[in-house]
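Enquirer: Here the protein sequences line up with chains F and X, keeping their order.
Following my numbering, the numbering of the first sequence begins with 1 at its first residue and continues without gaps.
Following my numbering, the numbering of the second sequence begins with 1 at its first residue and continues without gaps.
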Amino acid sequence: MLLKTLTQLNGTSGAEQEIRKILTEQLKPYVNSIHTDKIGNLIVHKNSLTVGPKVMIAAHMDEVALMITAITSEGFLKFKPVGGIDSRILVSKPVQINALLGVIGAKAIHLQKPKEREQALKIEQLYIDIGATAKEEAEKHVKIGDYAYFYTETEPLGEGYWKGKAFDDRVGCTLLTELLKKDYPLNLIGAFTVQEEVGLRGATIAAYHVQPDLAIILEGTVSAHMMEVEEGAWVTEPGKGPALSIMDRATLYQPKLLQQVIELAEKNGIPYQFRKGHSGGNDAGSIHLSREGIPTLAISVPCRYIHSTASVMAEADLQNALALVDAILKSIPNEFKF
Amino acid sequence: MPYDQNPLDYSLLERLTQTFGPSGIEDIVTTAIADEVRPYCDEMKTDTLGNLIAIRRGTGKKIMIAAHVDEIGVMITHIDEKGYLRFAPIGGVSIRELPHRRVLFQNGIMGTIGVEKLEKPIDLKLDKLYLDIGATSREEAKTRVSIGESAVFAGNFTKQGKRMTSKAMDDRVGCFVAIEVLKRLKTDHEVYFVFTVQEEVGVRGAQTAAFALEPDLAIALDVTGTGDTPKAHPMDVKLAHGAAIKVFDRSMITHPKIKAWMAHTAEQHNISYQWEVLEYGGTDSGAIHLSKGGIPSGVISIPTRYIHSPSETVDQGDIEGAVQLLLALLEGPAELSIL
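(1) DSSP state of His-78(X), grouped into three classes?
(2) Anyone know if the C-beta pair for Gly-91(X) and Glu-71(X) falls short of 9 angstroms?
(3) Going along chain F, which residues have a C-beta under 7 angstroms from Ser-23(X)?
(4) Okay, do the stretch 178–198 of chain F and the stretch 250–264 of chain F touch, 3+ Cβ pairs below 8 angstroms being the bar?
(5) Cα-Cα, which of Pro-256(X), Lys-167(X) and His-289(X) is closest to Trp-275(X)?
(6) Between the stretch 180–189 of chain X and the stretch 326–339 of chain X, do three or more beta carbon pairs fall short of 8 angstroms?
(7) With DSSP as the reference, identify every bridge partner of Arg-56(X), one or two as the case may be.
(8) Might you give, ordered along the chain, the residues of its own chain that have their beta carbon closer than 6 angstroms to the beta carbon of His-35(F), omitting 5 neighbours on each side?
(9) Return the first residue and the last residue of the beta strand (DSSP E) that Ser-33(F) is part of.
(10) Going along chain X in order, which residues have a C-beta closer than 8 angstroms to the C-beta of Arg-291(F)?
(11) The stretch 60–74 of chain X: which residues have C-beta closer than 9 angstroms to a C-beta of chain F, in chain order?
(12) Taking Leu-131(X) as part of the beta strand (DSSP E), name the residues at either end of that continuous run.
(13) Helix, strand or coil, according to DSSP, for Lys-45(X) in the structure here?
(14) Along the chain, where does the beta strand (DSSP E) that runs through Gly-190(F) open and close?
(15) Given that Pro-295(F) touches chain X, what residues does it touch there, using C-beta distances under 8 angstroms?
(16) Within the chosen definition, does the stretch 165–174 of chain F reach the stretch 293–304 of chain F through at least 3 CB pairs nearer than 8 angstroms?
(17) For Pro-255(F), return the contacting residues in chain X, with the cut-off set at a CB-CB distance below 8 angstroms.
(18) Can the beta-carbon of Ile-288(X) be found less than 9 angstroms from the beta-carbon of Ile-295(X)?
(19) Does the separation of the CB atoms of Leu-252(F) and Gly-21(X) fall below 9 angstroms?
(20) Can you give, in chain order, each stretch of the alpha helix (DSSP H) that sits fully within the stretch 207–269 of chain F and has at least 4 residues?
(21) Could you list which residues in chain F have their beta carbon closer than 7 angstroms to that of Val-201(X), in chain order?
(22) Cβ closer than 7 angstroms: which chain X residues qualify as neighbours of Met-56(F)?
(23) Suppose the cutoff is 7 angstroms on Cβ atoms and the five residues either side in sequence are ignored; what does the same chain contact list for Pro-333(X) look like?
(24) Can you name, in chain order, every residue of its own chain whose Cβ lies under 6 angstroms from the Cβ of Ser-92(F), other than the five neighbours on each side?
(25) Could you tell me which chain A residues have their CB closer than 8 angstroms to the CB of Gln-106(X), listed as they occur along the chain?
(26) Below 8 angstroms CB to CB, which residues in the same chain sit around Gly-282(X) once its five sequence neighbours on both sides are set aside?
(27) What does Arg-250(X) touch in chain F if you count any residue whose Cβ is under 9 angstroms from its own?
(28) On the DSSP bridge list, what partners appear for Arg-275(F)?
(29) Let me know the beta strand (DSSP E) ranges lying completely inside the stretch 151–198 of chain X, each 3 residues or longer, listed in chain order.
(30) For the beta strand (DSSP E) that Glu-312(X) lies in, which residues bound it at each end?
(31) Which residues of chain X have a Cβ atom closer than 7 angstroms to the Cβ of Phe-274(F), listed in chain order?
(32) Could you check if Gly-111(X) is buried or exposed, using at least 16 other CB atoms within 10 Å of its CB as the buried criterion?
(33) Using a C-beta to C-beta distance shorter than 7 angstroms, which residues of chain F count as neighbours of Asp-9(X)?
(34) What's the gap between the Cα of Gly-277(F) and the Cα of Asp-216(X)?
(35) Mind checking which residues open and close the alpha helix (DSSP H) that includes Arg-20(F)?
(36) Residue range of the alpha helix (DSSP H) that Ala-348(X) falls in?
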């Protein structure tokens, strides 16, 4: 399963090479050309068509991770986050550095003073234990600038759910790969972007040189559908269909585009929901402002607990997102206007 | 007084302020502006994001004038089973000022912002606020509004003497100055009057418009704060002391030659002006001056009290000063190098 393969690979912002390699292998038989641009985006031309509207679908390859910033004399590794990570979720988690395993250490409960038990640990207080006994031993396996990744197996959960790391945004990469394996009589370009988690950087470059007439961003997005959160603040709900972005920190999505997506979803019996929140952002933020402005949509698979060791998503949402984007692509250029 | 024969049409300013136009849904305002300026320009177009560009063709300098059409507001994110709505802010909205304000939807539906019971005043956060549109169930609410729909803050237009108060003076007063200038302008320069979208959420429309037009220089028209009210944050801008020439804000440090050009022109024409140093915020020029290889940009600001409230207050004299100054700038040689 492609989602499992992609989520078990490691690739944070600026270090997306493993993902790029597998995607290239996967796509080569199905597409006209594949190349890597100067910042590292994988740009895939589905066919050699040059007439008609140019449609770019973007999904980012990078995931959040940790960067090793120092090795202590005891052989422990200090680190800083790459992308948005809540330091409270890090304690006691297993991580992977190169081929090495490590554990993010902290004092056991027995050793904590009562006051320490009430306070969340800050990132500066945490370190990775790789079983080394001295700096020299650790340095044989790890160097400063290496990355540590959440070590999680992607597995099915309950009825139709999946648990794994990096759904944000390997779920988008999975969808985009599946779409590029299909055939559309369109000037279709897949952009697997880099460095989204640190500021939508790859997408800025990709949009500038691809210059599409329409952009669709495929994402794994937040869901606050959980205990102690009231319904009004859920943002998205896993299992209720792909989420259409209406507004986030970086983009106001065009109502006339959204209306057409809604009509297509209803006509084809595809469930959908709105991404009902205003925080966060995705590659749409830089793409829609590229050059003279680009009509842009964002369609996401809701994931609980993103940016952590293990998120949870519904497989049906993935399938319905695929069906929805497929319906959009089939309706270009005659029906879907932008 | 230069406007005795040809007074500014303040009924137009009233209409502009009362027209619905939160960031992202600006087409009603741009349509109204298009109808107003059509007789006075050579060409008009609307771009991908929705910016309205009114062009006066010429052989001189390519000059971009930017005034944003969008206003702050709220967007519906959730409708509960009792028919109450939850919302997200659009643009710089101060949450603590929201309880019991009224909002208006495009279809005329009015809502009142209510607040849940608070244990302490500091608990007033966005998630404690809701919108009451008089619906008693989710089904009933859904017949009137839908998720993703936006509303603006209600605030009617009043004029007392030379003072005018309304919602959305930010930045319909800038649009008004641009329109009144366009009506009177005689110039050989090629001037693009750009009525920009999505300024309040991050100067987005101006960014794409500047890229497309690549002007030689640009002037934005927007409101600025004042420091002339009781115990205000120190700021050396006063209402009724003339249009302000921007020196600095969080998005731009004005090019010295632009400042000199503006001040010199004002002095030549006996137009009073004041210098504006704004410690917070920014405007369209922030995006424009960084477009392409860099575009020399300045801002003429209208001093405004109570910005981002339903009672934004401006002075007639400052508006007229801004019109005069912009006309003088556009009708002169616009040579930055000779100063």
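Every residue, glycine too, gets a C-beta built ideally from N, C-alpha and C.
Expert: According to the structure shown:
(1) strand
(2) yes
(3) Leu-252
(4) no
(5) Pro-256(X)
(6) yes
(7) Val-191(X)
(8) Ile-43
(9) 33–36
(10) Thr-208, Phe-211 and Ala-212
(11) none
(12) 129–132
(13) strand
(14) 187–193
(15) Thr-48
(16) yes
(17) Gly-24, Ile-25 and Gly-148
(18) yes
(19) no
(20) 255–267
(21) Leu-252
(22) Result: empty, since nearest Cβ-Cβ is about 14 angstroms, beyond 7 angstroms.
(23) none
(24) none
(25) Of the protein chains in the structure, F and X, none is chain A.
(26) Val-203, Asp-249, Arg-250, Ser-251 and Met-252
(27) Result: empty, since nearest Cβ-Cβ is about 17 angstroms, beyond 9 angstroms.
(28) Ser-245(F)
(29) 158–160, 163–166 and 190–196
(30) 312–315
(31) Ile-147 and Gly-148
(32) buried
(33) Residues of chain F passing the Cβ test: none, with the nearest at roughly 31 angstroms.
(34) 40 angstroms
(35) 17–27
(36) Only positions 1 to 339 of chain X appear in the structure, and residue 348(X) is not among them; the question remains open.
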